[in-house]
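Chemist: Protein chains in written order, with the numbering used here: chain A, 4 to 158; chain B, 79 to 275. C-beta: ideal position from N, C-alpha, C; glycine also. Before anything else, here's the structure in question.
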Amino acid sequence: MRCRRVRQLIIDESGGQASEVAQHLAGCRACSSYSDHWDQLRRGLRRIAADPVPEPSWGFAQRVSRHLQEALGMERTSEAFLERTGRRFVYAALLATVVLFLVLLVPRTSPVRSSGAAVEMELTQPETSAAQNYPLFSGQFLANDFEFAAQPEGN
Amino acid sequence: MASARNDDPEVEWIRRTQRGDGDAYALLIERYQRRTFSLVYRMVGRREEVEEVAQEVFVKAFLAIGSYHFEASFGTWLMRIAINHCYDHLRRRRASRLTYFSEMSNESQQNVEAGAESQQASGSQLELDLQNRELAQKLLERASPDDRVILTLKELEDLSVEEIAALTKLKPSTVKVRLHRARKRLQSDFERWGRRR
Chain A
4 MRCRRVRQLI IDESGGQASE VAQHLAGCRA CSSYSDHWDQ LRRGLRRIAA DPVPEPSWGF
64 AQRVSRHLQE ALGMERTSEA FLERTGRRFV YAALLATVVL FLVLLVPRTS PVRSSGAAVE
124 MELTQPETSA AQNYPLFSGQ FLANDFEFAA QPEGN
Chain B
79 MASARNDDPE VEWIRRTQRG DGDAYALLIE RYQRRTFSLV YRMVGRREEV EEVAQEVFVK
139 AFLAIGSYHF EASFGTWLMR IAINHCYDHL RRRRASRLTY FSEMSNESQQ NVEAGAESQQ
199 ASGSQLELDL QNRELAQKLL ERASPDDRVI LTLKELEDLS VEEIAALTKL KPSTVKVRLH
259 RARKRLQSDF ERWGRRR
């Protein structure tokens, strides 16, 4: 059996081919030393495994749980705040949108839009608009509102 | 993997914890704290860090408990979280450190040797074991997080290859290969030091 295979079997601790390994170790100083070191390492590891494990301090579970609940409570508070703030923001944005639509669509009859219409009409039909705005030019004054007294012919 | 029995109050504690009940979670912590402390201590290797790391493990588990669907036992699920957290902890801690004895500077090698030699006295078996323990501890601390995890689970927690495979979600054959390589590296460093003393 080759040294490499023997060392592999030692490390894997498979226990397979034990007699062949033992035979090899008896005749191979390097592998024997390798095996000794492995045994020492295993003893060292077993010592570590036997170390007493530190105990949790008194009230560890309750402390962790309380911290978690506090953290969770704070998170919920901040979530609620964000939700409230977010909802207000959404309401404000909706309101602004509605107002904008109203400004753009509704005020055909409002003073702003009607003065615009008057200017437009004035530009397209100057006589009509002048007659409407300035009754003097419509001829109505001449025809109906002013009566000229007839001069006696004999004078 | 077996899940908790129906008459076990643990199922109810888990369900209550999933609804955000901290008191139920305290009961779960009490049940698993010793096992968690043991695993964390053997992974991390420093008493002063154990409680803090274990606390982080329980916080992580609480935050993730919504994703627990009783597929594995709660203990296995929690140990997986502990292993992953310890792995991350070791990686962070190792960021500025060297790995194996063979990779250490001469000065570090001398420090390790001095630490072990200081305990060398009459050469009794007990003293030799303590000396081996110190060196094994130092070499384990310098092992890569991957090697450390697998060596801890096998050599210190004494788990079977199948149990390690279940915890790490690796195939048993992969666990065997990784374990072999990790042992080989550790043995190589141990032997190298052994020749020097």
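Counting only Cβ pairs nearer than 8 angstroms, list the residues of chain A close to B/Arg263.
Modeler: Locating residue 263 of chain B in the second sequence gives position 185, where the first residue counts as 1. Chain A residues near B/Arg263: none, gap ~10 angstroms exceeds 8 angstroms.
Chemist: Using a beta-carbon distance cut-off of less than 9 angstroms, what residues from the segment 204-232 of chain B approach chain A?
Modeler: Contact annotation: in the segment 204-232 of chain B, residues whose CB is within less than 9 angstroms of a CB in chain A are Leu206, Asp207, Leu208, Gln209, Asn210, Arg211, Glu212, Leu213, Ala214, Gln215, Leu217, Leu218 and Leu229.
Chemist: B/His147 by DSSP, collapsed to three states: which one?
Modeler: By 1-based counting over the second sequence, the position of residue 147 of chain B is 69. Here B/His147 sits in coil by DSSP.
Chemist: B/Leu289 to A/Glu73, Cα distance in whole Å?
Modeler: Look at the range of chain B in this structure, 79 to 275, and you will see that residue 289 of chain B is not part of it.
Chemist: Would you say the segment 55-75 of chain A touches the segment 228-248 of chain B, given that touching needs at least three Cβ pairs under 8 angstroms?
Modeler: no
Chemist: With B/Pro223 and B/Tyr165 assumed to form a contact (beta carbons below 8 angstroms), what rounded beta-carbon distance in angstroms separates them?
Modeler: Numbered from its first residue, the second sequence carries residue 223 of chain B at position 145. Numbered from its first residue, the second sequence carries residue 165 of chain B at position 87. Indeed they touch by this definition, with Cβ atoms about 5 angstroms apart.
Chemist: Is there a C-beta anywhere in chain B that falls below 8 angstroms from the one on A/His27?
Modeler: As a first step, residue 27 of chain A is located in the first sequence; it is residue number 24 there, counting from the start. Chain B contact via Cβ: absent.
Chemist: Tell me, to the nearest whole angstrom, how far the beta carbon of B/Ile107 is from that of A/Ser68; I am working on the premise that it is less than 8 angstroms.
Modeler: Along the second sequence, read from residue 1 onward, the residue named residue 107 of chain B stands at position 29. Along the first sequence, read from residue 1 onward, the residue named residue 68 of chain A stands at position 65. The Cβ separation is near 7 angstroms, so the contact holds.
Chemist: Span of the alpha helix (DSSP H) holding B/Gly98?
Modeler: In the second sequence, the residue the question calls residue 98 of chain B occupies position 20. No alpha helix (DSSP H) contains B/Gly98, which DSSP labels as neither H nor E.
Chemist: Could you give the C-beta distance for A/Pro57 and B/Tyr119, rounded to a whole number, given that I count them as a contact under 8 angstroms?
Modeler: What you label residue 57 of chain A is simply residue 54 of the first sequence in a count that begins at 1. What you label residue 119 of chain B is simply residue 41 of the second sequence in a count that begins at 1. Going by Cβ atoms, the distance from A/Pro57 to B/Tyr119 rounds to 6 angstroms, so yes, they are a contact pair.
Chemist: If we ignore side chains and look at the alpha-carbon of each, how far apart do B/Val214 and A/Thr88 end up?
Modeler: As a first step, residue 214 of chain B must be located in the second sequence, where it is residue number 136. As a first step, residue 88 of chain A must be located in the first sequence, where it is residue number 85. According to the sequence as given, residue 214 of chain B is Ala; it is not Val. Cα to Cα, B/Ala214 sits roughly 58 angstroms from A/Thr88.
Chemist: Is the CB of B/Asp101 under 8 angstroms away from at least one CB in chain A?
Modeler: On the second sequence, residue 101 of chain B is found 23 positions in, with the first residue counted as 1. With 8 angstroms as the cut-off, B/Asp101 counts as an interface residue toward chain A.
Chemist: Compute the beta-carbon to beta-carbon distance between B/Leu264 and B/Gly123, rounded to the nearest angstrom, for a pair I have assumed lies under 8 angstroms.
Modeler: Taking the second sequence and counting its residues from 1, one reaches residue 264 of chain B at position 186. Taking the second sequence and counting its residues from 1, one reaches residue 123 of chain B at position 45. At roughly 14 angstroms, the Cβ-Cβ gap does not stay under 8 angstroms, so B/Leu264 and B/Gly123 are not in contact.
Chemist: I need the straight-line Cα distance from A/Gly62 to B/Thr252, nearest angstrom please.
Modeler: In the first sequence, counting from the first residue as 1, residue 62 of chain A sits at position 59. In the second sequence, counting from the first residue as 1, residue 252 of chain B sits at position 174. For A/Gly62 and B/Thr252, the distance between alpha carbons rounds to 40 angstroms.
Chemist: Starting from B/Asp166, follow the alpha helix (DSSP H) in both directions and report where the run begins and ends.
Modeler: Indexing the second sequence from 1 puts residue 166 of chain B at position 88. Taken as a continuous stretch (DSSP letters only), the alpha helix (DSSP H) holding B/Asp166 covers Phe152 to Arg172.
Chemist: So, does the CB of A/Phe63 fall closer than 8 angstroms to a CB anywhere in chain B?
Modeler: Here residue 63 of chain A corresponds to residue number 60 of the first sequence, with the count starting at 1. So, interface residue.
Chemist: Comparing the CB of A/Leu75 with every heavy atom of the ligand FMN, is any distance shorter than 7 angstroms?
Modeler: Judged by which ligands are present, the structure shown has none, so any question about the ligand FMN falls away.
Chemist: If I measure Cβ to Cβ from B/Glu88 and keep anything under 8 angstroms in the same chain, skipping five residues before and after, which residues do I get?
Modeler: Residue mapping note: residue 88 of chain B aligns to position 10 of the second sequence, counting from 1. Here the set comprises Ala82, Leu106, Arg109 and Phe152.
Chemist: For B/Asp225, count neighbouring Cβ atoms within 10 angstroms of its own Cβ and tell me buried if that reaches 16, exposed if not.
Modeler: Residue mapping note: residue 225 of chain B aligns to position 147 of the second sequence, counting from 1. The residue in question, B/Asp225, is buried, as its Cβ has 16 or more Cβ neighbours within 10 Å.
Chemist: Run through DSSP, which three-state label would A/Gln43 get?
Modeler: Residue mapping note: residue 43 of chain A aligns to position 40 of the first sequence, counting from 1. Residue state, collapsed to three classes: helix.
Chemist: Pick out whichever of B/Phe148, B/Phe268, B/Leu206 and B/Trp91 has its Cα sitting closest to the Cα of B/Arg220.
Modeler: Within the second sequence, numbered from 1, the residue matching residue 220 of chain B stands at position 142. Among B/Phe148, B/Phe268, B/Leu206 and B/Trp91, the Cα nearest to that of B/Arg220 is on B/Phe268.
Chemist: Measuring only between beta-carbons, confirm whether B/Thr177 sits less than 8 angstroms from chain A.
Modeler: Taking the second sequence and counting its residues from 1, the one referred to as residue 177 of chain B is at position 99. Legend: pLDDT at B/Thr177 = 49, less than 50; position of this residue unreliable, no value from coordinates given.
Chemist: Can you say whether A/Leu108 is buried or exposed, counting buried as having 16 or more other CB atoms within 10 angstroms of its CB?
Modeler: Along the first sequence, one-based indexing puts residue 108 of chain A at 105. A/Leu108 is exposed by the Cβ-count criterion.
Chemist: Any contact between the segment 127-147 of chain B and the segment 94-105 of chain B? By contact I mean 3 or more CB pairs, one from each, below 8 angstroms.
Modeler: As far as the Cβ criterion goes, the segment 127-147 of chain B touches the segment 94-105 of chain B, which means the pair count is three or higher.
Chemist: For A/Ile14, which residues of its own chain have a beta-carbon under 6 angstroms away from its beta-carbon, when the five flanking residues on both sides are left out?
Modeler: Looking up residue 14 of chain A in the first sequence gives position 11. Cβ within range, chain order: n/a, list empty.
Chemist: Pull out every residue of the segment 107-119 of chain B whose Cβ sits closer than 8 angstroms to any Cβ of chain A, in chain order.
Modeler: Ile107, Glu108, Gln111, Arg112, Phe115, Ser116 and Tyr119
Chemist: Look at the Cβ atom of A/Ile51, then the Cβ atom of B/Leu234, and state whether they are nearer than 8 angstroms.
Modeler: Translated into the one-based positions of the first sequence, residue 51 of chain A becomes position 48. Translated into the one-based positions of the second sequence, residue 234 of chain B becomes position 156. Yes, the Cβ-Cβ distance between A/Ile51 and B/Leu234 is below 8 angstroms.
Chemist: Taking CB distances under 8 angstroms as the criterion, tell me whether B/Phe136 reaches chain A.
Modeler: The sequence position of residue 136 of chain B within the second sequence is 58, counting from 1. For B/Phe136, the answer is yes, since a Cβ of chain A falls inside 8 angstroms of its Cβ.
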